[in-house]
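Before any comments, here is the structure.
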Amino acid sequence: MKKILLLFLLITTLSFSKENVRAVSTSQFTTEILLAIGAENQILGTAYLDDEILPELKEKYDKIPVLSKGAPTKEQFYALNPNLLTGWKSIATPKNLGTVEELKENGVKVVFTKSQDTSKIEDIYDDILMFGDIFNLKDNAKNVVENMKKDIIKVTENNKNKKSIKVFAYDSQESAPFVVGGSGIGNTMIEIAGGENIFKDTNFSFGLGTWEKVLDENPEVIIVIDYGNISYKNKIEYLKNNSPISQLEAVKNNRFIRVPLSYISAGVKVGKGIEIISSGLREEKK
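Going by mature numbering (1 follows the signal peptide of the UniProt record, and there is no 0), the letters in the sequence shown line up with residues -17 to -1, 1 to 269, in that order.
In structure tokens:
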């Protein structure tokens, strides 16, 4: 355990010239963080776009090469001569770009956000500030964090002393639902927005639930996460016509809230994602 911790500290403290960062980002949330703080000139390439990039960041994004829809190959990655990799943790595995140790040996610093594994909004702020330090854009990062805080405080104030609405957050799958659980940022967002996640007591961020649990809880509203090959429309059609919960009032009365995946991921869209959920829940409170 000590060796693992030591390796982690070594990787996260490995330094290089802040004027010479050459980054590849392999998640939409890290790409948008880097663009939001103004690091676009230091990004060599991106991958793993879940849905539409933030409109205010699109012009910057379009100027950066997209390496692949999913994981880039090692050849694509190393052809760019990067010295920093960030994004989903799954990218640093033997089947993708290699282990963290291998990447480090090849001169690539690996920076993963801690907010991928926690439920605290504050950890997202810390990650943004960390990138501000790495890319020598501290003031920009602070401004991004302050604006996010204002958006979230506004929603929090609006939902003060209001009764929570029971929510089922559906990601995908049919035999057993893949859902937003209780240990990730999605659950925190639902709570701030004025909802109560029916899978809040689970110990995963996203994971398998059961249709029986959904039936027992009888949620008032269903969040449907939109991404990937199965469209939002197709997910709704399944829930209404073929799913075990088709007779729930929430389903029959179309009490659905569409949330794109990148708006419920640990990045700069969190405030906007909370507002989307909160607005949908407020409609139900009328």
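We put the beta carbon where it would ideally sit given N, CA and C, even for glycine. Please read all numbers here as calculations on a predicted model, not as lab measurements.
Quick check on the burial criterion: 16 or more other C-beta atoms within 10 angstroms. Buried or exposed for residue i?
i, result
"residue 212", "exposed"
"residue 167", "buried"
"residue 77", "exposed"
"residue 99", "buried"
"residue 143", "exposed"
"residue 252", "buried"
"residue 261", "buried"
"residue 62", "exposed"
"residue 180", "buried"
"residue 39", "exposed"
"residue 184", "exposed"
"residue -14", "Because residue -14 carries a pLDDT of 41, less than 50, the predicted location of this residue cannot be relied on, and the following value inherits that uncertainty. Answer is exposed; the Cβ neighbour count stays below 16."
"residue 82", "exposed"
"residue 56", "exposed"
Distance, Cα to Cα, residue i vs residue j?
i, j, result
"residue 74", "residue 218", "28 Å"
"residue 138", "residue 171", "13 Å"
"residue 105", "residue 201", "32 Å"
"residue 28", "residue 116", "20 Å"
"residue 123", "residue 113", "12 Å"
"residue 250", "residue 80", "23 Å"
"residue 8", "residue 31", "9 Å"
"residue 230", "residue 108", "41 Å"
"residue 103", "residue 45", "31 Å"
"residue 255", "residue 195", "31 Å"
"residue 3", "residue 238", "50 Å"
"residue 24", "residue 85", "26 Å"
"residue 43", "residue 33", "17 Å"
"residue 165", "residue 146", "19 Å"
"residue 92", "residue 58", "17 Å"
"residue 90", "residue 50", "20 Å"
"residue 223", "residue 125", "44 Å"
"residue 88", "residue 97", "23 Å"
Do residue i and residue j have their C-beta atoms within less than 9 Å of each other?
i, j, result
"residue 19", "residue 111", "yes"
"residue 192", "residue 162", "yes"
"residue 203", "residue 150", "yes"
"residue 182", "residue 152", "yes"
"residue 135", "residue 257", "yes"
"residue 228", "residue 264", "no"
"residue 148", "residue 208", "no"
"residue 21", "residue 120", "yes"
"residue 210", "residue 245", "yes"
"residue 48", "residue 5", "no"
"residue 205", "residue 175", "no"
Kindly indicate which three-state DSSP category residue i falls into: helix, strand or coil?
i, result
"residue 107", "helix"
"residue 19", "helix"
"residue 243", "strand"
"residue 266", "helix"
"residue 31", "coil"
"residue 191", "strand"
"residue 251", "coil"
"residue 118", "coil"
"residue 44", "helix"
"residue 207", "strand"
"residue 185", "coil"
"residue 92", "strand"
"residue 54", "coil"
"residue 102", "coil"
"residue 162", "strand"
"residue 260", "helix"
"residue 7", "strand"
"residue 69", "strand"
"residue 140", "helix"
"residue 178", "strand"
"residue 173", "helix"
"residue 219", "helix"
"residue 152", "strand"
"residue 26", "strand"
Beta-carbon of residue i versus every beta-carbon of chain B: anything under 9 Å?
i, result
"residue 129", "Although the question refers to chain B, the structure presented lacks it and comprises just one protein chain."
inquiry  = Can you confirm whether the region 151 to 168 touches the region 126 to 133 when touching is taken to mean that 3 or more C-beta pairs between the two stretches lie within less than 8 Å?
reply    = no
ask   = With a cut-off of 8 Å, do at least 3 Cβ pairs link the region 60 to 71 to the region 10 to 25?
value = Contact holds: three or more Cβ-Cβ distances are below 8 Å.
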